[in-house]
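Participant: Quick note, the sequence shown lines up with residues 3 to 151 if you use this note's numbering. Virtual Cβ for every residue (Gly too), placed ideally from N, Cα, C. First, the structure itself, so that you have it in front of you.
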Amino acid sequence: MPRFNKIYAGPVTEVTPQVQERICAAAVLPGIALVESGSAFAIAGANSGDKLYIAQDNYLALKGTDDAWPAGDTVIGMEALDEQFFNIRVPTGTNVARGTELTTSAAGKFVLATTGQNVAFVAEEAFNNNTGSDQLVRARKAGRNVVAA
């Protein structure tokens with residue numbers, strides 16, 4: 003059971019984030035990072051420095067945050083703005099403290115950034131993911147071109 007039932011978390015003054023809809027060759031879980039690959043989306047690679055989109059839950063098909071978009075489907079990718087909160091996917095075994103700098107893993111999930119890595123998001127909550135499955139953690143987009151110290 004997911005901790006959150008939506009990926010976009012607000013604020014309510016921003017009715018919805020700007021989105022892009024594109025085909026993605028791979029199956030995509032909501033809350034992971036996507037990048038542009040020509041006219042399609044691809045899952046972001048490790049320590050991605052590209053513009054990131056967050057895969058939205060497939061509300062059009064009444065799917066939840068743990069239901070993957072099928073491979074080859076049109077995926078909704080949300081463009082993150084600084085003042086918006088997102089519930090992003092972190093792998094099991096990842097312990098996140100509030101204020102933790104996060105980068106992308108090879109699977110497009112968010113992991114702790116180490117020295118010299120690109121910081122994509124900053125955690126807005128503490129969560130010890132010892133659940134045995136990937137979980138969603140509330141985070142805010144980091145500033146552009148931020149590198150972990």
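How many angstroms separate the CA atom of G51 from the CA atom of P93?
Facilitator: Here the question's residue 51 lines up with position 49 in the sequence shown. Here the question's residue 93 lines up with position 91 in the sequence shown. Answer to the nearest angstrom: the Cα atoms are 20 angstroms apart.
Participant: Kindly indicate which residue of A73, G47 and E126 has the alpha-carbon position closest to the one of I90.
Facilitator: In the sequence shown, counting from the first residue as 1, residue 90 sits at position 88. The residue with the shortest Cα to Cα distance from I90 is E126.
Participant: Could you tell me which residues DSSP pairs with Y55 in its beta bridges?
Facilitator: Counting from 1 along the sequence shown, the entry for residue 55 is found at position 53. DSSP output for Y55 lists L36 and E81 as bridge partner(s).
Participant: Would you mind reading off the limits of the beta strand (DSSP E) that contains Y61?
Facilitator: Stepping through the sequence shown from its first residue, residue 61 is reached at position 59. That residue, Y61, is in no beta strand (DSSP E); it is neither H nor E in DSSP.
Participant: Opposite R91 in the DSSP bridges: which residues?
Facilitator: Here residue 91 is taken as the residue at index 89 of the sequence shown, counted from 1. In the DSSP output, where bridge partners are listed per residue, R91 has L138.
Participant: So what's K8 in DSSP terms, helix, strand or just coil?
Facilitator: As a working mapping, residue 8 is identified with position 6 in the sequence shown. Coil.
Participant: Grab the span of the beta strand (DSSP E) containing V21 for me, first residue to last.
Facilitator: Your numbering for residue 21 matches position 19 in the sequence shown. It spans V21 to I25 - the beta strand (DSSP E) in which V21 sits, taken as one unbroken run.
Participant: Which residues bound the beta strand (DSSP E) around A44?
Facilitator: Here the question's residue 44 lines up with position 42 in the sequence shown. Start and end: A42 to I45.
Participant: Nearest-angstrom Cα distance between N60 and I78?
Facilitator: On the sequence shown, position 58 is the one that residue 60 refers to. On the sequence shown, position 76 is the one that residue 78 refers to. Straight-line Cα distance between these residues: approximately 8 angstroms.
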